[in-house]
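Data first, discussion second: the structure below is written as structure tokens.
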Amino acid sequence: MKYSQTVKGIFVKRLNRFIAEVLIDDQLEKVHVKNTGRLKELLLEKAELALRASENTNHKTKYSLIDIEKWIIGLCN
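The sequence shown begins at 59 in this note's numbering and counts up one residue at a time.
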């Protein structure tokens with residue numbers, strides 16, 4: 059799937075199952091998390107995220123989480 063209006067961010071912490079704090083261009087923003095699962099193995103401190111800017115001006119957040127960069131360390135020799 060291709061998204062328009064995407065930005066990169068750095069995960070800081072998850073406030074609740076729908077909202078996370080993310081650093082975008084040195085500013086802390088609250089972003090919407092569509093997946094309400096725990097995601098503990100993915101949402102690690104300083105994880106790189108892809109975010110989609112909201113087209114709906116009535117949204118509570120400016121961005122929605124669409125992707126998480128996961129690095130698997132120690133599995134490749």
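All residues carry an ideal CB built from backbone N, CA and C; glycine is no exception.
Residues of its chain near residue i, where Cβ-Cβ distance is below 6 Å and the 5 sequence neighbours each way are ignored
i, result
"residue 71", "79"
"residue 77", "88"
8 Å contact criterion, which residue i and residue j should meet: CB distance rounded
i, j, result
"residue 124", "residue 102", "About 17 Å separates the two Cβ atoms, so there is no contact after all."
Which listed residue (the options) has its alpha carbon closest to that of residue i
i, options, result
"residue 75", "114, 112 and 88", "88"
"residue 64", "96, 117 and 107", "107"
"residue 127", "95, 99, 60 and 59", "99"
"residue 69", "97, 59 and 61", "97"
Sequence-distant residues of its chain with Cβ nearer than 8 Å to residue i (five each side left out)
i, result
"residue 85", "none"
"residue 121", "65, 67, 80, 82, 87, 89, 90, 109, 110, 111 and 112"
"residue 73", "79 and 88"
Secondary structure of residue i, DSSP reduced to three states
i, result
"residue 95", "coil"
"residue 110", "strand"
"residue 69", "strand"
"residue 124", "strand"
"residue 88", "strand"
Residues near residue i by beta carbon distance below 7 Å, same chain, minus five either side
i, result
"residue 222", "It is not possible to answer for residue 222, since the shown part of the chain is limited to 59 through 135."
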